[in-house]
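*Asks:*
Residue numbers (UniProt numbering), protein chains in the order written: chain V, 1 to 305; chain G, 1 to 416.
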């Protein structure tokens with residue numbers, strides 16, 4: 001007879017996974033099909049109505065626009081800057097650790113605290129950004145029409161103008177995030193065997209660009225897949241900054257109404273658990289798709305070593 | 001180990017003894033920047049009168065919406081405070097959900113309740129289905145704030161301040177010509193919908209009738225167009241409300257339309273200029289026909305069955321809404337205490353000495369209800385209106401008729 005001991009080994013882990021991960025997700029899916037509002041005794045089953053709202057209402061259209069704008073600005077820039085910073089630091093003999101620490105500082109700082117600092121910096125009149133810009137008035141910079149307009153009246157309300165808000169927030173996202181990618185890339189770079197560079201040089205790859213194109217970049221493949229995926233997931237998850245800047249409404253004309261904030265606004269601020277759960281499920285679906293793509297890439301394409 | 005247990009035993013016994021000595025009443029209130037000073041003034045007086053009660057302040061609510069929401073969450077989690085201050089238009093939902101307790105039994109036990117200055121018109125603000133649930137604590141109305149030094153640059157003095165919104169736009173143009181970058185701020189963002197109701201009541205039109213959102217009326221379009229004229233005519237910046245108050249206090253703005261509630265806070269924070277408040281402008285030269293009452297009232301949300309605990313909560317609730325407690329509201333903020341005794345006896349000379357706080361009192365005959373958006377989606381409906389109004393400020397919506405239709409549909413959909 002076969003021993004049942006294996007059940008005792010995998011049982012606790014399985015049970016935990018069900019209780020901590022799967023059951024809450026199932027509850028969220030269940031809630032998303034109802035109109036449950038916190039504090040009510042019961043709830044009505046409404047089918048896919050909540051999802052229909054998400055894909056038809058203009059508010060949620062703004063949510064997707066804001067989320068994708070943020071994600072597609074922040075991911076390429078954090079990955080690019082992260083790689084660039086890692087290559088530069090890797091090529092440094094001295095001071096490498098110092099730069100590493102400097103670039104990594106924003107990652108360690110709590111974003112919500114940093115948001116308050118940025119809020120001061122971006123203050124329309126007394127903030128350091130606009131008061132520095134004002135110093136340039138009356139110089140050659142006024143030849144730039146945008147600058148002249150700012151001098152004439154006021155420089156933009158970086159955080160409260162709907163044409164600027166999402167880009168300002170994205171900028172802070174990049175500032176905060178690229179140090180993390182830099183560290184991941186640095187780890188990737190140290191694992192590249194130096195002999196490969198020697199071999200490449202013998203085969204005629206003498207220029208730095210050739211070495212990067214033929215050795216470094218392909219060997220960083222697995223790291224890149226991981227970095228890109230983690231950057232996507234982290235950008236989809238942006239929340240604390242938005243909540244700190246725009247506690248009500250998600251930015252001017254909802255231009256920074258990212259998904260996580262939408263979940264918070266519906267589910268927590270307005271107690272509408274049904275629609276909040278529905279947005280959560282859509283969010284999970286996005287993250288799931290990204291993870292599946294990552295698995296697929298890792299297994300197929302990136303095994304060089 | 002044994003010592004540790006003994007020590008723990010002592011600690012437990014000590015806390016139990018302390019709890020026996022004093023009854024702790026848990027209390028939550030909104031807008032700490034307005035009310036912290038008020039409660040700081042009231043507490044010593046309360047402790048002198050009730051030495052055996054301790055008031056434990058919970059973290060303040062950021063806004064009325066946040067306050068309601070916190071209470072709804074706490075009701076589910078089972079850790080409600082004993083007394084909570086809620087926006088006048090958010091009482092209904094807590095009564096509907098059975099979270100607020102009726103105050104009738106306590107009122108019945110009071111010997112001379114009316115003599116304490118609670119009169120019917122004010123009690124009506126907290127009465128639902130013949131029973132009193134909330135005792136109003138502070139009442140506000142929208143008023144105009146003027147920085148007279150800035151206004152003087154365009155030739156304005158206390159006698160010719162703008163009386164209609166068109167006058168306001170003209171004043172903006174003159175001020176801008178006189179070199180003022182930011183002439184005006186209009187508080188559209190006060191709890192997301194209060195100023196919309198102000199423009200509706202100005203035309204004597206309620207914003208909600210039964211379950212029907214009334215923005216799709218002619219008055220609704222006038223309200224939206226008036227806002228658009230103000231925003232574009234004054235080229236108003238989309239300031240967050242805290243920075244708007246800060247800008248006005250710093251002397252940058254010439255005019256600010258806001259709740260009278262902030263007069264106290266502005267007077268404490270303002271730089272060296274002359275502050276004058278004046279009547280809220282009207283759509284026509286006759287002035288507004290009505291204005292929504294802002295403010296909050298005290299609700300009893302204790303889940304305790306212990307009569308002593310309830311008596312203590314009631315003592316606090318009654319203390320802050322009557323007599324000296326209520327008078328401190330007027331002294332420290334720009335709010336009016338909705339209590340006759342406090343207004344007529346304790347504060348008899350107060351308004352003559354504080355003319356900036358007297359404007360709202362002059363406007364009292366215009367006082368109308370601050371209407372609630374009924375049902376579970378009340379908060380969501382408020383947010384839709386907030387987003388719509390913000391769209392006018394940011395210039396996202398240019399066609400008011402289109403916005404009127406869009407907002408009416410979306411809000412109505414939430415109220416049905």
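Ideal Cβ placement from N, Cα and C applies to all residues, glycine included.
#1: Would you mind working out which of G:308, G:322, G:331 and G:372 sits nearest residue 22 of chain G, comparing C-alpha positions?
#2: Cβ closer than 9 Å: which chain G residues qualify as neighbours of residue 160 of chain V?
#3: Interface residues of chain G around residue 50 of chain V at Cβ under 8 Å?
#4: So if DSSP puts residue 186 of chain G in a beta bridge, which residue, or which two residues, is it bridged to?
#5: Cutting at 6 Å between CB atoms, please list the residues of its own chain near residue 389 of chain G, excluding the five before and the five after it.
#6: Rounded to whole angstroms, what's the CA-CA distance from residue 451 of chain G to residue 217 of chain V? Just pull it up for me.
#7: Alpha carbon to alpha carbon, how far is residue 150 of chain V from residue 267 of chain G?
#8: Can you tell me which of the three DSSP states residue 302 of chain G falls into?
#9: Given that residue 153 of chain V touches chain G, what residues does it touch there, using C-beta distances under 7 Å?
#10: Could you tell me if residue 263 of chain V is buried or exposed, where buried requires 16 or more neighbouring beta carbons within 10 angstroms of its beta carbon?
#11: Expressed to the nearest angstrom, what Euclidean distance is found between the alpha-carbon atoms of residue 304 of chain G and residue 248 of chain G?
#12: When you compare only the Cα positions, how much space is there between residue 76 of chain V and residue 101 of chain V?
#13: Residue 321 of chain V touches chain G at which residues, Cβ-Cβ below 8 Å?
#14: Report back the beta-carbon spacing between residue 202 of chain V and residue 238 of chain V to the nearest angstrom; my notes put them in contact at under 8 Å.
#15: Does DSSP put residue 423 of chain G in a helix, a strand or coil?
#16: Relative to the alpha-carbon of residue 144 of chain G, which residue among G:89, G:255 and G:157 has its alpha-carbon at the smallest distance?
#17: Helix, strand or coil for residue 420 of chain G? Go by DSSP, reduced to three states.
#18: If you drop the 5 nearest sequence neighbours on each side, which residues of the same chain put their C-beta closer than 7 Å to that of residue 337 of chain G?
#19: Could you please tell me which residues of the segment 360-383 of chain G, in chain order, have their CB closer than 8 Å to any CB of chain V?
#20: Could you list the residues in the segment 214-230 of chain G with a C-beta less than 7 Å from some C-beta on chain V, going in chain order?
#21: Alpha carbons only, please: which of G:73, G:65 and G:84 is nearest the one belonging to residue 27 of chain G?
#22: From this set, G:286, G:291, G:263 and G:104, which residue's C-alpha is nearest residue 193 of chain G's C-alpha?
#23: How about residue 300 of chain G and residue 82 of chain G: do their beta carbons lie closer than 9 Å?
#24: Does the Cβ-Cβ distance between residue 130 of chain V and residue 158 of chain V come in under 9 Å?
#25: Are there 16 or more other CB atoms within 10 angstroms of the CB of residue 266 of chain V, so buried, or fewer, so exposed?
#26: For residue 288 of chain G, tell me which candidate among G:306, G:376, G:163 and G:383 has the shortest Cα-Cα distance.
#27: Residues of chain V with CB under 7 Å from residue 29 of chain G, in chain order?
#28: Going by the CB atoms, is the gap between residue 186 of chain V and residue 89 of chain V shorter than 9 Å?
#29: So, using beta-carbon positions, are residue 285 of chain G and residue 134 of chain G closer together than 9 Å?
#30: Go through the segment 27-77 of chain G residue by residue and report every complete run of the beta strand (DSSP E) that reaches 3 residues or more, in order.
#31: Are the beta-carbon atoms of residue 57 of chain G and residue 221 of chain G separated by less than 9 Å?
#32: Against residue 386 of chain G, what residues of chain V qualify as contacts under a CB-to-CB distance less than 9 Å, listed in chain order?
#33: Considering residue 137 of chain G, what are the terminal residues of the beta strand (DSSP E) in which it resides?
#34: Pull the bridge partners of residue 212 of chain G from the DSSP assignment, please.
#35: According to the neighbour-count rule (16 or more other Cβ atoms, all chains shown, within 10 Å of its Cβ), is residue 147 of chain G buried or exposed?
#36: So, with DSSP's three-state summary, where would you put residue 191 of chain G?
*Replies:* Reading off the structure:
#1: Comparing Cα-Cα distances from residue 22 of chain G to each of G:308, G:322, G:331 and G:372, the minimum goes to G:308.
#2: Against chain G, the beta carbon of residue 160 of chain V has neighbours under 9 Å at 237, 238, 239, 240, 243 and 394, listed in chain order.
#3: Listed along the chain, the chain G residues whose CB falls inside 8 Å of the CB of residue 50 of chain V amount to none; the nearest CB is some 13 Å away.
#4: Its beta-bridge partners are G:257.
#5: Apart from the 5 residues on each side of it in sequence, residue 389 of chain G sits with its Cβ closer than 6 Å to the Cβ of 188 in its chain, given in chain order.
#6: Chain G is shown only over 1 to 416; residue 451 of chain G falls outside these bounds and no answer can be derived.
#7: Between residue 150 of chain V and residue 267 of chain G, the C-alpha separation is close to 32 Å.
#8: Three-state DSSP puts residue 302 of chain G in coil, outside helix and strand.
#9: Under the 7 Å cutoff, chain G gives 181.
#10: By the beta-carbon neighbour count (other beta carbons within 10 angstroms, threshold 16), residue 263 of chain V is buried.
#11: CA-to-CA, the gap between residue 304 of chain G and residue 248 of chain G works out to about 45 Å.
#12: C-alpha of residue 76 of chain V to C-alpha of residue 101 of chain V: approximately 22 Å in a straight line.
#13: It is not possible to answer for residue 321 of chain V, since the shown part of chain V is limited to 1 through 305.
#14: Not really, about 47 Å apart at Cβ, beyond 8 Å.
#15: The displayed coordinates of chain G run from 1 to 416. Any statement about residue 423 of chain G would go beyond what the structure contains.
#16: Check the Cα spacing between residue 144 of chain G and each of G:89, G:255 and G:157: the tightest is with G:255.
#17: Summary: the structure shown does not reach residue 420 of chain G, with chain G confined to residues 1 through 416, and so no result is reported for it.
#18: Around residue 337 of chain G, the same chain offers 138, 326, 327, 329, 330 and 343 as residues with beta carbons nearer than 7 Å, after the five sequence neighbours per side are excluded.
#19: Residues 376, 377, 379, 380 and 383.
#20: Residues passing the 7 Å Cβ filter: none.
#21: Across the set G:73, G:65 and G:84, the C-alpha of G:84 shows the shortest separation from the C-alpha of residue 27 of chain G.
#22: Closest option to residue 193 of chain G, Cα to Cα, is G:291.
#23: Cβ atoms of residue 300 of chain G and residue 82 of chain G: closer than 9 Å.
#24: Yes. Within cutoff.
#25: Within a 10 Å sphere around the beta-carbon of residue 266 of chain V sit 16 or more other beta-carbons, which makes this residue buried.
#26: For the options G:306, G:376, G:163 and G:383, the alpha carbon positioned closest to that of residue 288 of chain G is the one of G:163.
#27: Ordered by position in chain V, no residue passes the 7 Å Cβ test against residue 29 of chain G, which lies about 18 Å from the chain.
#28: Taking 9 Å as the cut-off, the Cβ atoms of residue 89 of chain V and residue 186 of chain V count as close.
#29: With contacts defined by Cβ atoms closer than 9 Å, residue 285 of chain G and residue 134 of chain G do not form a contacting pair.
#30: For the segment 27-77 of chain G, the full-length beta strand (DSSP E) segments reaching 3 residues or more read 53-57 along the chain.
#31: No, the Cβ-Cβ distance between residue 57 of chain G and residue 221 of chain G is not below 9 Å.
#32: Within chain V, the residues near residue 386 of chain G are 248 and 249.
#33: Counting along the chain, the beta strand (DSSP E) containing residue 137 of chain G begins and ends at 134-140.
#34: Note: residue 212 of chain G sits in a beta bridge opposite G:209.
#35: The residue is buried, with at least 16 neighbouring Cβ atoms inside 10 Å.
#36: DSSP places residue 191 of chain G in helix when its eight states are reduced to three.
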